[in-house]
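Enquirer:
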Amino acid sequence: MSWANIVNNKLRSALTMLGIVIGVASIIALITIVQGATGAITDEISSLGANILTVQARGTPLKPGLSANDLDRLEAIADVRGVSPTISGYVSVSHRDKVLEAMVQGKNELYFRERPVQISAGRAINALDVDGANRVAVIGSDIARELFYGQNPLGRSLRIGGSTYTVVGLLAPSGGFALGSTNKAVFIPYTAAMKTLGVRTVSSVEVHMADVARADEIIGQVEAVLLESFNYREQAYSIFNMQDALDVMKDVTRILSLLLAGIASISLVVGGIGIMNMMLVSVTERTTEIGLRKALGAEPVQIQIQFLTESVILSLGGGLAGIVMGLLIACAGSWFIGIPFRFSATTVIAAVGFSAVVGVLFGWMPARKASRLNPIDALRHV
Amino acid sequence: MQEILRLKDIVKCYRLGGQEQVVLDNVNLTICRGDFIAILGPSGAGKSTLMNIIGCLDVPTGGRYILGGRDVAAMTEAQLARVRNREIGFVFQSFQLLPRLNALENVELPLIYAGLPRRRRRELALAVLERVGLQDKVYNYPNQLSGGQQQRVAIARSLVTDPALILADEPTGALDQKTGQQIMALFQELNADGRTVVVITHDAQVAGYARKILRIVDGRLFPGEVDLAGQREHIDVLG
Ligand SMILES: Nc1ncnc2c1ncn2[C@@H]1O[C@H](COP(=O)(O)OP(=O)(O)O)[C@@H](O)[C@H]1O
Ligand SMILES: [Mg+2]
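So the sequences go chain by chain: E and L.
Take my numbering: the last position of the first sequence gets the number 448, and nothing is skipped along the way.
Take my numbering: the last position of the second sequence gets the number 510, and nothing is skipped along the way.
Given below as structure tokens:
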């Protein structure tokens, strides 16, 4: 019965639904895009390891960075699997007559073991290279193409700054949205990097924890080492915890999603008012019908259910159309911005639930009005 | 004879602009199983008001209404809906069929509210449509039926729940004379089958089909003569 009335007022029903369609579509599109973007960033960060503490040493006038002894002491902390220092610099890298500027990063063997860097040919930097400060390099795919076009770079020489290195490994091409890719990177042992780049101390080091559950204790001990090392000057260093960053990121996502959903809900409310309006018109138009149904034995509850069903069908129909439209917009939008499209079942279920609630909420008053019509007045209305 | 309902000193007043208008004035009426009663009176006499009270669509200002041994004043909204559904079948002057439903679906409507399953509804609706002679028109929509046929559908709808009483308010009012006579003949047949019928009309000739005529003038109910000629004269006098 409810269905028949909707079908018989096709245009009016469609226009009424449009309000809900727009509301739901904007909620779905906004949330899907936000979640896609933040999801991509969060995934990348967590793929780097939530078990990593990054220590940045600004140093003091007397001591510009961490010494080898400091690194040993950090490594000796219980539940620390190892430390991975970084010595980096933007220097010229050349092979024969080809020269380019590249980010040269000095790392140790732990970096290649713990991080998701993939070697496509040759080998990674190992502990012997680090101990002996061997002049060997592992290069990204873009560097390989630009310097060694058409030839196998493995075993060939590479000039970095003023020193000559040998290419021992090639990295597989990598993507990466938030933190950039390794395609343009040149990795060498950090001990060799210190010599080549003329650096005597380490100012950036990653501490790999064996047990994330004990992160707080480990951070405390790392701080103790750093305080002692820098003569109790707290401003000489900072410790960055990946897990904290992830937590902040998740909070930001949640707040942003709620905010956007809140804004988009306003259009849903406007859509709901549209439904209420149509239902009120419908009740007035069908006064006689309601009176007749009552005379034939319909209870007020049954009349109310009939009209509520109608408004719920309208809003659910609008909601479903809105979901399809919203997902299409999100898909196109994600592609346009260049972030992955992520279908969120929770959002869709919430949207369905929300539009049903709008139907009940805004259909309630008209349905109640219909159920309370006096049958005699209604029947006289001919 | 078994009593279906009894009205005792029923009063209905409307208050219009501070002035009290008495529409029904101490109406006493008993309807028994098998009766065929016409309530005859001029326009504005209070006929429809009386029918609405008998049909539990309206409540009296005063007096008592006993239906099937129960006091209607004590019934809840849901019980009243049930009474309208099971005990009373309505026939209106303007047919009151739903235009978007076909004859069969219109007749099934009361059975939906009676909570019957689809197949049983169909069965019962087809049977009463056949009873009123519309077995060929069950899938026609109201606008595909003549006035007389539409009123037959409405009568079928009033019969379908097998009510104790059929209440018809000016059932011939929207029909030409010949069709009106056919409809009244149908009521006569239904009464002969043992159904209880109350027809409300302003037309003495229509009232003549009933077995008992009651006259209503200015909200007061009088027993009327069965003699048709006398009745006509009386109505003519009243205008
Ligand atoms: N809701 C109402 N409010 C005020 N007066 C009413 C109302 N309903 C009916 N009346 C009055 O009651 C009188 C009887 O009406 P009605 O029962 O419809 O007469 P009939 O059906 O015999 O023509 C009329 O004078 C009418 O104006
Ligand atoms: Mg009337």
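Don't be surprised by glycine CBs; every beta carbon is placed ideally from N, CA and C.
1. Mind pulling the chain E residues with CB within less than 7 Å of residue 361 of chain L?
2. Who are the neighbours of residue 356 of chain L on chain E, taking C-beta pairs under 7 Å?
3. Going straight from the alpha carbon of residue 331 of chain L to that of residue 322 of chain L, what length do you get?
4. Anything with a beta carbon under 5 Å from a heavy atom of ligand 1 counts; list them all in chain order.
5. Determine the DSSP secondary structure at residue 226 of chain E, reduced to helix, strand or coil.
6. Which runs of the beta strand (DSSP E) at least 3 residues long sit entirely within the region 314-366 of chain L? Give them in chain order.
7. When the cut-off is 7 Å and only beta carbons count, does residue 491 of chain L lie next to chain E?
8. Between residue 226 of chain E and residue 159 of chain E, how many whole angstroms is the CB-CB distance? I'm expecting something under 8 Å.
9. Residue 79 of chain E: which of E:338, E:417, E:300 and E:303 sits nearest, CA to CA?
10. Alpha helix (DSSP H) containing residue 376 of chain L: first to last residue?
11. When you check each C-beta in the region 75-95 of chain E against every C-beta of chain L, which residues fall closer than 7 Å?
12. Three Cβ pairs or more, each shorter than 8 Å: is that satisfied between the region 363-376 of chain E and the region 111-126 of chain E?
13. If you reduce the DSSP assignment to three classes, tell me which class residue 68 of chain E lands in.
14. Taking the beta carbon of residue 151 of chain E as the centre, do at least 16 other beta carbons fall within 10 Å, making it buried, or is it exposed?
15. Thinking C-alpha only, which one of L:326, L:280 and L:398 is nearest residue 335 of chain L?
16. DSSP on residue 477 of chain L, reduced to helix/strand/coil?
17. Output the boundary residues of the beta strand (DSSP E) element that contains residue 295 of chain L.
18. How many angstroms separate the CA atom of residue 244 of chain E from the CA atom of residue 265 of chain E?
19. Cβ closer than 7 Å: which chain L residues qualify as neighbours of residue 366 of chain E?
20. Since residue 288 of chain E is in the alpha helix (DSSP H), which residue starts that stretch and which ends it?
21. Who are the Cβ neighbours of residue 210 of chain E in its own chain at under 7 Å, not counting the five residues just before and after it?
22. Can you grab the Cα-Cα spacing for the pair residue 251 of chain E / residue 213 of chain E, in whole Å?
23. Measuring only between beta-carbons, confirm whether residue 387 of chain E sits less than 7 Å from chain L.
24. DSSP three-state label for residue 307 of chain E, please.
25. By how many angstroms is the C-alpha of residue 445 of chain L removed from the C-alpha of residue 338 of chain L?
26. Can you tell me the Cα-Cα spacing of residue 72 of chain E and residue 438 of chain L, whole angstroms?
27. Hey, is residue 440 of chain L's beta-carbon within less than 7 Å of any beta-carbon in chain E?
28. Let's test the definition: count the other Cβ atoms within 10 Å of the Cβ of residue 136 of chain E and tell me whether it reaches 16, buried, or not, exposed.
29. What is the rounded straight-line gap between the Cα of residue 301 of chain L and the Cα of residue 383 of chain E?
30. Can you tell me the Cβ-Cβ gap for residue 315 of chain E and residue 191 of chain E, rounded? I've got them flagged as a contact below 8 Å.
31. When you compare the CB positions of residue 417 of chain E and residue 385 of chain E, do they come within less than 7 Å of one another, or not?
32. Rounded C-beta distance between residue 487 of chain L and residue 310 of chain L? I'm assuming under 8 Å.
33. Mind checking whether residue 467 of chain L and residue 304 of chain L have CB atoms under 7 Å apart?
34. Alpha carbon to alpha carbon, how far is residue 362 of chain L from residue 380 of chain L? Give it in angstroms, no decimals.
35. Taking residue 358 of chain E as the query, report the chain L residues whose CB atoms sit under 9 Å from its CB, ordered along the chain.
Expert: This is what the structure holds:
1. Neighbours of residue 361 of chain L on chain E, chain order: 361.
2. Within chain E, the residues near residue 356 of chain L are 362 and 363.
3. In a straight line, the C-alpha of residue 331 of chain L is about 11 Å away from that of residue 322 of chain L.
4. Taking each Cβ in turn, the ones that pass are L:285, L:294, L:314, L:315, L:316, L:317, L:318, L:319 and L:320.
5. Three-state DSSP puts residue 226 of chain E in a strand.
6. Counting only runs of 3+ residues, the beta strand (DSSP E) found wholly inside the region 314-366 of chain L occupies 333-338 and 359-362, in chain order.
7. The Cβ of residue 491 of chain L sits no closer than 7 Å to any Cβ of chain E.
8. Between residue 159 of chain E and residue 226 of chain E the Cβ distance is about 5 Å, and since that is below 8 Å, they are a contact.
9. Checked all of E:338, E:417, E:300 and E:303; the closest Cα to residue 79 of chain E is E:338.
10. Start and end: 374-384.
11. If you check each beta-carbon in the region 75-95 of chain E against every beta-carbon of chain L, none falls closer than 7 Å.
12. Output reads no: the region 111-126 of chain E does not touch the region 363-376 of chain E.
13. Helix, per DSSP.
14. It counts as buried.
15. Across the set L:326, L:280 and L:398, the C-alpha of L:280 shows the shortest separation from the C-alpha of residue 335 of chain L.
16. Residue 477 of chain L: helix per DSSP, three-state reduction.
17. Start and end: 290-303.
18. Confidence in residue 244 of chain E is poor, its pLDDT being 49 and thus under 50, which makes the residue's placement unreliable; the coordinate value appears in the next sentence. The alpha-carbon atoms of residue 244 of chain E and residue 265 of chain E are separated by roughly 29 Å.
19. Residue 366 of chain E reaches chain L at 348, counting residues in chain order whose Cβ is nearer than 7 Å.
20. Judged by DSSP secondary structure, residue 288 of chain E falls within the alpha helix (DSSP H) whose first and last residues are 281-295.
21. Within the same chain, 219 and 236 come within 7 Å of residue 210 of chain E by CB-CB distance, once the 5 residues on both sides are set aside.
22. Rounded to whole angstroms, residue 251 of chain E to residue 213 of chain E spans 13 Å at the Cα level.
23. For residue 387 of chain E, not one C-beta of chain L is nearer than 7 Å to its own C-beta.
24. For residue 307 of chain E, the three-state secondary structure derived from DSSP is strand.
25. Going by the C-alpha atoms only, they are around 30 Å apart.
26. Roughly 33 Å between the two C-alpha positions.
27. So, not an interface residue.
28. Buried: at least 16 other Cβ atoms inside 10 Å.
29. In this model, residue 301 of chain L and residue 383 of chain E are separated by some 53 Å (Cα to Cα).
30. In fact, because the Cβ distance is near 31 Å, the residues do not count as touching under 8 Å.
31. The Cβ atoms of residue 417 of chain E and residue 385 of chain E sit closer than 7 Å to each other.
32. Right, the Cβ-Cβ distance comes to about 6 Å (below 8 Å), so this counts as a contact.
33. In this structure, the beta-carbon distance from residue 467 of chain L to residue 304 of chain L falls below 7 Å.
34. Computed Cα separation, rounded: 14 Å.
35. Under the 9 Å cutoff, chain L gives 361, 363, 367, 368, 369 and 380.
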